[in-house]
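Counting in this note's numbering, the sequence shown runs from 1 upward without gaps.
Here a beta-carbon is modelled for each residue, glycine too, at the ideal position from N, C-alpha and C.
Nothing here was measured: the structure is a model prediction, and the numbers come from that model.
Everything on this sheet refers to the single structure shown next.
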Amino acid sequence: MTATAPATAELARARGLAQRSQLPWVDLDAETIDPSAVARLPFELMARYLAVPIGFSGETVRVAIADPAACELVAREIPASLEFVVAPRDSLMHLLDSLRQTRRTRTLVALPAGELGPELEMALLTGAAEAGTTDLHFVPTELGLSVRARIDGLLREIGLIPVADAPGAVARLKVKSQLDITEHRRAQEGRMRINTSSGREFDIRLTVIPTIAGEGAALRLLEHTARPPSLTEVGLSADLQLQLERIVNRRRGALLVTGPTGSGKSTTIYAALNDIADPSLDIVTVEDPVEYRFDGVYQVEVNPAVGVTFESTLRTFLRTDPDVIAVGEMRDLDTAAMTLKAALAGTFVLSTLHTYDAPGAITRLLDIGVEPYVTAATLTAVLAQRLVRRLCIYCRVRRPATTLERAELGLDDGDHHLFSATGCPLCDRGYRGQLAVHQLMTMTDELRQLALERAGHAQLRDVALSQGMRTLLDDGVAKALAGLTTLDELKRVVSAEDAATMAT
Ligand SMILES: [Zn+2]
C-alpha cells in the first residue's frame, strides 16, 4: 500500500516547517474542528491564505496554516488573540474542500416533512434545491405521491402528498414547465427555473410519467452557477491532478471520463475545459444539458424536439475544424466515430462514457464498433470515477484500523487510522456533500497495441495496473485514511470486483 506515503512525507514537511518557524505543528486528521472557530474567517480568505481557524484555547483562536509566512496576513483579518499551528498542505486542502461543500449544501432538516398540504410542492422544491437535492421524484402510490429526494447520491423519502392533492400537484408542476395539462396518457418533458429564498437559481428538467397508479414526475435539479469548477476542485489526489493537468494542457487525442450516471463526469469535463479555456483557442461543446457557461466558447445544448441532436451538431462543428471539442456523451457508434475522427485530425476531444473502470473504455469503444486503429490512435487517457459521501469534518471520529480492515485493505503494520461517521446538527448521519474517487489510465504503446489486437478487458486492466494505474478502491482507501470518507462508503460504491483486483 503506497497510499499513505505522500501523507507521511507531507506531515514530515509540515513538522520541519513548524520547527524552523518555531511554531507548533498539528496533524489535522486527529483534530476535532470547531464550527464556531471556522466561522471567524471568511472562506475566500481561508482559501487564499491556506489557513483555517480550527478551535479555541480559552479566548485564543487556534489557526492551522500551511505557510508560516502568511501568519501576519491572517492576523489582520481576525480581531482576536491568535495561536498559529502548522499543518500539512494536503490536509488543509482537504479541509477546505470539505468546507467548500458545507457552504454549498444544507441538511434536509429544513424540508417540510410528513403529509404535505396543497400547493406545498413549490416550497418543497425550493427547500429540496437548497438542501443539495439533485433529483426529486413524485412517485404515485396508493396513499398519494411519495416524494423522494436524491441527496449526496442517496434516494430517500421526504414526504407524502395525499391522494386528493396529487393531481393538483402534478398539474401545477406541468403549468410551471409549460406542459399540456390536459394530456394524461403520454410522458412529457419540460423545463422550469426556480429561485430560492437565499437567491440561488436552479434549472429543473421535469419528466411527467403516466403510470398505472396515476401520473408521477421526475425532476432533475441543476444549480445555475456563474463559475465552473477548476481541476483543483474536483477532489483529485495530488499526483493524479498533476498528471491530468499535463494531459489536458497537451491538448492531444481524446480524454474520456467514465462512470455511471451521477458520478460527476460532466463536472470533471467542465473543470478540464476551464483549465484550457482561452480566447486564442476555438472551443466548441455539445451538451445535454449545459450546466456552466463559458465566455467565448460555442456551447450547444441538444434539443431533439427541434432537430438539434448530438449527431447534427457534431457534423456542423467538425466542418469548422475546432481546436477543442467537448461532447457530453459518446452514446452510440455515430457520435463516437465522428468525435474520435476529429481527434485523428488534430482536435482535442473531451467526452464521457458509461463504463465500470478506465480499461473498460477501450473495450466499450471496440464493442460499439469504433475501429481498433481509431481507438488506439486517439485515446490519450481515461479517467474513471465514482462519488462517495464525504465525512462531516465536525463529528468524524478517528480510530485505529482494525486487524480485519488492515487485512482487507492490504495495509502494513504501521500506524493506520480510519474514521467513523457519527452525526451532528451540521450533517446528515455523519456525512455532508460528496467526494470523487478516481482511476486514471494513461495510454502507453503497450495498451495501444492491445487495443489494436482487440484484447479483452482483463488483459487491458492487468497491463494498465502493472504500469502503475491504481484501482478506484486504492484511491478511495487513501481518501479514507485521510479522513475524507469511510470504508462503508467505499464498499457501497466501489464494487467487489475492484476489491478482488486489489487483492491480487
Ligand atoms: Zn457532523
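- Measuring C-alpha to C-alpha distances from residue 344 to each of 318, 369, 227 identifies 318 as the nearest.
- Per DSSP, reduced to three states, the secondary structure at residue 227 is coil, with no helix or strand assignment.
- By alpha-carbon distance to residue 165, the top candidate from 174, 135, 261, 121 is 121.
- Residue 317 carries a helical assignment under DSSP once its states are collapsed to helix, strand and coil.
- Secondary structure note for residue 54: its beta strand (DSSP E) is the uninterrupted segment 51–57.
- Take the alpha-carbon of residue 314 and the one of residue 244: they are about 25 Å apart.
- Under the three-state reduction of DSSP output, residue 236 falls in the coil class, being neither helix nor strand.
- In the DSSP assignment, residue 434 falls outside any alpha helix (DSSP H) and lies within the beta strand (DSSP E) extending over 431–442.
- Residue 147 carries a strand assignment under DSSP once its states are collapsed to helix, strand and coil.
- Taking C-alpha positions only, residue 260 is separated from residue 82 by approximately 46 Å.
- Judged by pairs of C-beta atoms under 8 Å, the segment 256–274 touches the segment 379–394, as three or more such pairs exist.
- When only Cα atoms are considered, residue 471 and residue 418 end up about 19 Å apart.
- For residue 329, there is no enclosing beta strand (DSSP E), as DSSP marks it with neither H nor E.
- When the beta-carbon positions are compared, residue 486 and residue 479 stay at least 7 Å from each other.
- Here the segment 404–417 does not lie against the segment 284–296, with fewer than 3 beta-carbon pairs under 8 Å apart.
- Residue range 372–378 is occupied by the alpha helix (DSSP H) that includes residue 373.
- Of all alpha-carbon atoms in 250, 135, 242, the one lying nearest the alpha-carbon of residue 202 is that of 135.
- Contact between the segment 74–91 and the segment 38–45 is established, with three or more Cβ pairs separated by less than 8 Å.
- Beta-bridge partners assigned by DSSP to residue 64: 52, 85.
- When beta bridges are read from the DSSP output, residue 157 appears opposite 148.
- Taking 7 Å as the cut-off, the Cβ atoms of residue 163 and residue 216 do not count as close.
- Using a cutoff of 6 Å, the CB of residue 426 counts as near ligand 1, since one of the ligand's heavy atoms is closer than that.
- Spanning the alpha carbons of residue 443 and residue 332 requires a straight line of approximately 22 Å.
- Around residue 358, the same chain offers 382, 384, 439, 441 as residues with beta carbons nearer than 6 Å, after the five sequence neighbours per side are excluded.
- A check of alpha carbon separations from residue 96 across 64, 47, 73 identifies 47 as the nearest.
- Contact between the segment 360–367 and the segment 267–275 is not established, with fewer than three Cβ pairs separated by less than 8 Å.
- Cβ atoms of residue 431 and residue 33 stay farther apart than 8 Å, at about 15 Å.
- Taking the C-beta atoms as reference points, residue 451 is found nearer than 7 Å to residue 376.
- No residue range can be given for residue 185, since it is assigned to no alpha helix (DSSP H) and is classified by DSSP as neither H nor E.
- Just so you know, the alpha carbons of residue 295 and residue 227 end up roughly 11 Å apart.
- Residue burial annotation: residue 403 is exposed, with fewer than 16 other C-beta atoms found within 10 angstroms of its C-beta.
- By alpha-carbon distance to residue 84, the top candidate from 263, 188, 93, 64 is 64.
- By the C-beta density criterion, residue 287 is buried, having at least 16 other C-beta atoms within 10 angstroms.
- At a Cβ-Cβ threshold of 7 Å, residue 14 and residue 398 do not count as neighbours.
- When DSSP states are grouped into helix, strand and coil, residue 135 belongs to the strand group.
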